[in-house]
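Undergrad: After the structure tokens below, expect a handful of questions from me.
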Amino acid sequence: EDQVTQSPEALRLQEGESSSLNCSYTVSGLRGLFWYRQDPGKGPEFLFTLYSAGEEKEKERLKATLTKKESFLHITAPKPEDSATYLCAAQAYSGGGADGLTFGKGTHLIIQP
Amino acid sequence: DVKVTQSSRYLVKRTGEKVFLECVQDMDHENMFWYRQDPGLGLRLIYFSYDVKMKEKGDIPEGYSVSREKKERFSLILESASTNQTSMYLCASSDPHEKLFFGSGTQLSVL
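As given, the protein sequences belong to chains D and W, one line each in that order. Heads up, the first sequence is in my numbering, so the first residue is 747 and it goes up one at a time. Heads up, the second sequence is in my numbering, so the first residue is 384 and it goes up one at a time.
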């Protein structure tokens with residue numbers, strides 16, 4: 747059974763304090779690893795897709811990386827507006843299209859001014 | 384800008400009522416999805432559709448049905464609402480790269 751585990755469940759940082767969120771996955775042949783951001787009361791918003799080990803993608807203060815077993819979302823010098831829940835999802839080759847996504851439960855990130 | 388619109392932000396219904404949740408996308412996407420999101424359980428796929436008139440069961444279809452009469456519209460139906468269906472419901476569509484675009488969600492309370 748495909749599984750995605752995110753850690754920590756919650757993280758509180760001071761503004762400017764860099765850190766990383768972890769997404770460990772077990773899927774039978776990874777087709778893609780997705781990161782989403784979700785603000786309170788809203789639907790998730792796409793951030794990145796990673797396809798192969800060693801791949802990295804960046805957007806402003808966020809950088810996503812991928813290994814054969816896990817993905818990290820690095821947050822550099824975060825600001826209060828980076829506060830959100832970050833979700834990762836793994837897609838297996840056997841899972842078809844977007845219906846084959848397995849989501850983690852998310853990391854709730856709070857950045858204090 | 385890409386948009387998925389869910390008709391209601393909040394809904395309160397009684398046990399046993401038939402409930403319709405409507406979703407419309409304006410991106411001409413083939414694929415549409417319904418998820419529910421519960422604290423501690425994450426996102427779970429209820430139903431999805433890859434074409435008009437087509438529907439497939441997701442991981443938790445029991446107690447739900449769907450309708451897709453037009454490409455842009457995907458409806459979720461709770462035939463007889465129960466208290467364990469109180470949840471946040473999220474509609475999404477996906478592009479050819481399987482990137483999901485979500486609506487803002489409907490918070491449904493069944494009393």
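All C-beta atoms, glycine included, are put in the ideal place defined by N, C-alpha and C. Quick caveat: nothing in here was measured; it's all calculated off a predicted structure.
#1: I need the straight-line Cα distance from W:Ser-448 to W:Asn-467, nearest angstrom please.
#2: If we ignore side chains and look at the alpha-carbon of each, how far apart do W:Leu-473 and W:Gln-408 end up?
#3: Can you tell me whether D:Ala-836 is buried or exposed? The criterion is at least 16 other CB atoms within 10 Å of its CB, across all chains shown.
#4: Tell me which residues of the segment 792 to 819 of chain D have at least one Cβ-Cβ distance to chain W shorter than 9 Å, keeping chain order.
#5: Tell me where the beta strand (DSSP E) around W:Ser-368 begins and ends.
#6: Taking D:His-854 as the reference, which of D:Ser-770, D:Thr-751, D:Leu-757 has the closest Cα?
#7: For D:Gln-837, go through chain W and note every residue whose CB falls closer than 9 Å to its CB, in chain order.
#8: Provide the residue(s) that pair with D:Val-773 in DSSP beta bridges, ordered along the chain.
#9: Just reading off the beta strand (DSSP E) that W:Met-496 is part of, what are its end residues?
#10: What did DSSP end up calling D:Glu-827 once you bin it into helix, strand or coil?
#11: List the endpoints of the continuous beta strand (DSSP E) containing W:Val-395.
#12: Tell me which same chain residues have a C-beta within less than 8 Å of the C-beta of D:Pro-734, skipping the five on either side of it?
#13: Once DSSP output is grouped into helix, strand and coil, what is the label at D:Ala-756?
#14: Please determine, among W:Ser-391, W:Tyr-433, W:Gly-441, the residue with the shortest C-alpha to C-alpha distance to D:Gly-787.
#15: Any beta-carbon of chain W closer than 8 Å to the one on D:Gly-778?
#16: How many Å lie between D:Ser-764 and D:Pro-754 at the Cα?
#17: Which two residues bound the contiguous beta strand (DSSP E) that contains W:Lys-386?
#18: Would you mind telling me which residues of chain D sit closer than 8 Å to W:Gly-488, beta carbon to beta carbon, in chain order?
TA: Let's see:
#1: 16 Å
#2: 13 Å
#3: buried
#4: Phe-792, Thr-795
#5: Outside the displayed range of chain W (384 to 494) lies residue 368 of chain W, so it cannot be described from this structure.
#6: D:Leu-757
#7: Glu-481
#8: In the DSSP output, where bridge partners are listed per residue, D:Val-773 has none listed.
#9: No answer is possible for residue 496 of chain W: the residues shown for chain W start at 384 and end at 494.
#10: helix
#11: 393 to 396
#12: Residue numbering for chain D in the displayed model covers 747 to 859; residue 734 of chain D lies beyond these limits and cannot be assessed.
#13: strand
#14: W:Ser-391
#15: yes
#16: 15 Å
#17: No beta strand (DSSP E) contains W:Lys-386, which DSSP labels as neither H nor E.
#18: Gly-787, Lys-788, Gly-789
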